[in-house]
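*Asks:* Encoded as structure tokens, here's the structure I'll be asking about.
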Amino acid sequence: MDSCAVGPSMGSPGQDELRWVRPVRPGDTLSARGTVEELIPSKSKPDRGFVRTK
Numbered sequence: 030m031d032s033c034a035v036g037p038s039m040g041s042p043g044q045d046e047l048r049w050v051r052p053v054r055p056g057d058t059l060s061a062r063g064t065v066e067e068l069i070p071s072k073s074k075p076d077r078g079f080v081r082t083k
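For the sequence shown, my numbering begins at 30 and goes up steadily by one.
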């Protein structure tokens, strides 16, 4: 994996661990900042992989 595109992505393991500290309502703007710690290529699908963030 040579790069990570900013934009749409597929579901991801661990995504269900995301929690909001306050209620989120329709129309709210959400943003996030993170650091990529590791890129793990998929063994079965070379055009895909996993991104470990912090």
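C-beta atoms are modelled at their ideal positions from N, C-alpha and C, and glycine is treated no differently.
Assuming ARG81 is part of the beta strand (DSSP E), what are its boundary residues?
*Replies:* Run containing ARG81: 78–82, per the beta strand (DSSP E) assignment.
*Asks:* Near PRO52, which residues of its chain fall below 6 angstroms by C-beta distance, leaving aside the five closest residues on each side in sequence?
*Replies:* none
*Asks:* Please tell me whether GLY78 and LEU68 are closer than 8 angstroms, where the distance is taken between their beta carbons.
*Replies:* yes
*Asks:* If you follow the beta strand (DSSP E) that LEU68 is in, where does it begin and where does it stop?
*Replies:* 65–70
*Asks:* With DSSP collapsed to three states, give me the class of ASP45.
*Replies:* helix
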